[in-house]
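The working numbering applies: residue 108 is where the sequence shown begins, and numbers increase by one.
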Amino acid sequence: MKKLFFALLLFAILSSAAWAAPSMYVAMPIYNFGTVLDGYAVSHTFVIENAGDEPLEIAGVRATCGCTTTALSTTTVEPGASVELEAIFHTTGYGGRTVSKTIQVASNDPAMPILVLQLTGQVAASAPHLIAVDDAYYSLYVLVDVRPADAYAAHHLLGAVNVAPDDLSAFAATIPSNALIIVYDANLEASEAAVVTLRDAGFSIAYALAGGLDAWIQAFGMRYVTNPGEPYSLPEQVSLGSDESSLYYMPIGDLDYLFTLFIDVREPDAYAAGHIFGALNISVDELADWLDVFPEDVPIVVVSQDGTESEDAALWLINHGFERAQSMLGGLDEWIRLYGDVYMAPGAP
């Protein structure tokens, strides 16, 4: 009888040990976001629970193309606890399609080592005069004018930020290290050294504009230059640099190809509180005063707080001959939701 009792007790202990395990559970593993406009990012927070009675160890999270996830606050989830996983689906380029994006979560759950989460819905095509925040982000570069403030005030390339060479390191600390930075002065006297400073600081795609503003105006006249009606004194000979093939130089033709104008149509106080680097602060009522300054073929990204006012402004520009004007979808609210304060600067450039 005693032998039978101990055998049953051992069986119970072994059975209990066999059943003790973590269990990964999500109440709503499929999130249907309905219908969104191409360019808006869809975000959803999945709550991963440990329904088992042993610690759940999350080994990794993998999302399909177009979908990203934020880092988990912890990869060890105790029994009865949970952890949030935020997923973001970037809809840019998916217009007119029904999509389904999956996220795989790997763990030590013996019954389900891979949990599949899903974001699904319809992405509607957006109008041509709208540009997604993602596309606006990837078209952005930082144009830096290292000339004295009085020379900058007289003439500078549209969207350029005036930074003294001695202040360049502090300025660079506010820019992502993978940013495309184009530095210029009048004739490469200061910009070459500035680019060396930036490269040494880890900005691998910083360039000096070959020939500086002198070479630009010699080649293109007052295209993209402020105060085009005011005279600019060119030297008799313009130097393009000691070695035109140098990896530290950007040809002026390349900048002409890349040139994109960001116009922020918000009120001056809102602009001063924070704006995208290089964005010009021009109200809707003032746009007419700039029509003779902007070349009609220039790509223009118009920005407002939520995208409403900028859409009206972009359509106005299109109707006045600027066919490449676009409104940033969702405005700065959408930019900040996706990128935080990246490429955001206080004060006017």
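Even for Gly, the Cβ is constructed at its ideal location relative to N, Cα and C.
Shortest Cα-Cα distance from Pro136 to any of Ala194, Glu161, Tyr147, Ala148 involves Ala194. For Leu398, the CB contacts under 7 Å within the same chain, skipping 5 residues up- and downstream, are His427 in chain order. Between the stretch 167-181 and the stretch 126-146 there are fewer than three inter-stretch CB-CB distances shorter than 8 Å, so the stretches are not counted as touching. The three-state reading of DSSP puts Val372 in coil, since its state is none of H, G, I, E or B. Residue nearest to Glu418 within the set Phe401, Glu403, Leu436, Tyr314 is Leu436 (criterion: CA-CA distance). Taking the Cα positions, Ser298 is about 17 Å away from Ile324. About 5 Å separates the Cβ atoms of Ile288 and Val249, confirming a contact at the 8 Å cut-off.
For Gly141, the enclosing beta strand (DSSP E) stretches over residues 137-144.
If you draw a straight line from the Cα of Asn334 to the Cα of Ala256, it is about 15 Å long. By the criterion of a C-beta distance shorter than 8 Å, Val405 is surrounded in its chain by Tyr331, Phe366, Thr367, Leu368, Phe429, Arg431, once the five residues flanking it on both sides are discounted.
Here Ser233 carries a coil assignment [DSSP, helix/strand/coil].
If only uninterrupted alpha helix (DSSP H) runs of at least 4 residues are considered, those enclosed by the stretch 301-332 are 319-327. A contact between stretches requires three or more CB pairs, one per stretch, nearer than 8 Å, and the stretch 374-382 fails this requirement with the stretch 226-245.
Inclusion of Gly414 and Gly438 in the CB contact set at 7 Å is warranted, their separation being smaller than that value.
Excluding its 5 nearest sequence neighbours in each direction, Asp371 has C-beta neighbours in its own chain below 6 Å: Tyr378, His382, Ala386, Asn388, Val410, listed in chain order.
Collapsing the DSSP output to three states places Leu295 in coil. In this model, Ala286 and Thr175 are separated by some 21 Å (Cα to Cα). By the Cβ neighbour-count rule, Gly159 is buried, with 16 or more other Cβ atoms within 10 Å of its own. If you draw a 10 Å sphere on the C-beta of Ser214, you find 16 or more other C-beta atoms in it, and that means buried. In this structure, Asn294 and Asp321 form a Cβ contact; the two beta carbons are roughly 5 Å apart against a cut-off of 8 Å. For Thr176, the three-state secondary structure derived from DSSP is strand.
Here DSSP, grouped into helix, strand and coil, assigns Gly228 to strand.
Taken atom to atom, the span from the alpha-carbon of Ala243 to that of Ile443 is near 13 Å.
Nearest to Tyr201 by C-alpha distance, out of Met329, Val391, Cys172, is Cys172. One thing to note: Thr198 has its Cβ within 7 Å of the Cβ of Val230. Around the beta carbon of Pro129, a 10 Å sphere encloses 16 or more other beta carbons of the protein chains shown; the residue is thus reported as buried.
Within the DSSP bridge table, the entry for Gly167 names Ala213 as partners.
Excluding five sequence positions before and after Val302, the CB atoms of its chain that fall closer than 7 Å to its own CB belong to Val290, Ala313, Tyr314, Ala315, Tyr355, given in chain order. Listed in chain order, the non-local C-beta contacts of Thr181 below 7 Å within the same chain comprise Val190, local neighbours out to five positions each way being set aside. Counted as a single uninterrupted DSSP element, the beta strand (DSSP E) harbouring Asn157 occupies residues 148-157.
Per the DSSP secondary-structure output, Met357 pairs in a beta bridge with Leu316. In the displayed model, Val206 falls within a strand according to three-state DSSP. The continuous stretches of alpha helix (DSSP H) do not include Phe384, and DSSP gives it neither H nor E. The Cβ atoms of Val253 and Asp307 lie no closer than 7 Å to each other. Residue burial annotation: Leu445 is buried, with at least 16 other C-beta atoms found within 10 angstroms of its C-beta.
Listed in chain order, the alpha helix (DSSP H) elements of length 4 or more contained wholly in the stretch 412-443 are 415-426.
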